[in-house]
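In the working numbering, the protein residues as written are 69 to 293.
Now the structure itself:
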């Protein structure tokens with residue numbers, strides 16, 4: 069299977085560098101043509117992963133990531149010269165899977181892309197459902213279901229819940245979570261992790277699941293009966 073990477077970048081030198089590197093590693097690459105129609109082009113090309121810049125014509129990468137996440141859980145890696153921690157946290161909050169600053173090493177970037185592709189698409193076929201206390205985690209459709217109610221999750225939220233579902237009543241450490249959710253553990257600070265956990269807790273509160281999520285301060289989180 070040849071994975072397709074969609075590049076949202078307005079610097080054509082960087083686009084050419086990315087395409088050359090991706091193709092040399094056996095990946096398919098296509099770049100955005102109309103920066104006012106990013107979401108539509110992604111839908112048209114159906115890629116397996118998106119590389120997203122922040123500073124773009126018309127709307128920035130945060131805007132497009134938020135739009136994409138309304139309908140898709142496709143992996144998104146930000147590539148940006150902006151190295152402020154606030155930008156990194158904002159990107160993750162909007163649903164990014166990773167954030168890499170420019171200038172970057174193309175071979176290292178592609179190793180990270182391949183690692184995310186393997187984890188993303190192998191994870192989806194390992195198991196379709198997992199259960200805990202009457203709640204069903206639908207891994208394929210990224211949903212937590214209880215009776216007839218359901219909550220739509222991001223891919224990372226599904227991965228985190230799957231980690232907890234498969235280790236009930238056990239402490240899942242911060243390191244365990246980082247290794248499961250992100251390729252670059254050095255990037256992930258406690259603020260990013262806190263944002264992810266808070267967003268997940270807020271989502272699942274509406275179907276009464278948050279009462280099972282027990283935070284162990286300074287250590288991690290536990291799924292308790």
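For glycine and all other residues, C-beta sits at the position ideal for the given N, C-alpha and C. From a predicted model like this one, the values you see are computed outputs, not experimental measurements.
Notebook entry, point to check: What residue from 247, 201 and 145 has the CA that sits closest to residue 233's CA?
Noted result: The count along the chain shown starts at 1 and reaches residue 233 at position 165. Nearest of 247, 201 and 145 to residue 233, Cα basis: 201.
Margin query: Judging by CA-CA distance, which residue of 266, 237 and 158 is the nearest neighbour of residue 292?
Written below: Here the question's residue 292 lines up with position 224 in the chain shown. Of 266, 237 and 158, the residue nearest in Cα terms is 237.
Next item on the list: Let me know if residue 126 comes out buried or exposed under the rule of 16 or more other beta-carbons within 10 Å of its beta-carbon.
Entry: Translated into the one-based positions of the chain shown, residue 126 becomes position 58. Result: exposed.
Notebook entry, point to check: Are there 16 or more other CB atoms within 10 angstroms of the CB of residue 120, so buried, or fewer, so exposed?
Noted result: Sequence index remark: in the chain shown, residue 120 carries index 52 (1-based). Buried, by the Cβ-count rule.
Item checked: Nonlocal neighbours in the same chain, by C-beta distance under 6 Å from residue 135, ignoring five residues either side -> Residue 135 sits at position 67 when you count from the first residue of the chain shown. 107.
Next item on the list: Determine, using beta-carbon pairs with one atom in the region 272-280 and one in the region 214-233, whether at least three such pairs fall under 8 Å.
Entry: yes
Checklist line | Backbone CA spacing between residue 71 and residue 99 [nearest angstrom] | finding: Here the question's residue 71 lines up with position 3 in the chain shown. Here the question's residue 99 lines up with position 31 in the chain shown. Distance between the alpha carbons of residue 71 and residue 99: 14 Å.
Notebook entry, point to check: How big is the Cα-Cα spacing for residue 174 and residue 89?
Noted result: For this step, residue 174 is matched to residue 106 along the chain shown. For this step, residue 89 is matched to residue 21 along the chain shown. Whole-angstrom Cα-Cα distance: 7 Å.
Notebook entry, point to check: If you check the beta carbons only, do residue 269 and residue 281 fall under 7 Å apart?
Noted result: As a working note, residue 269 is residue 201 in the chain shown. As a working note, residue 281 is residue 213 in the chain shown. Yes; because the gap between Cβ atoms is below 7 Å, this pair is in contact.
Margin query: Going residue by residue through the region 172-223, where are the continuous alpha helix (DSSP H) segments of at least 4 residues, counting only ones entirely within it?
Written below: 174-194
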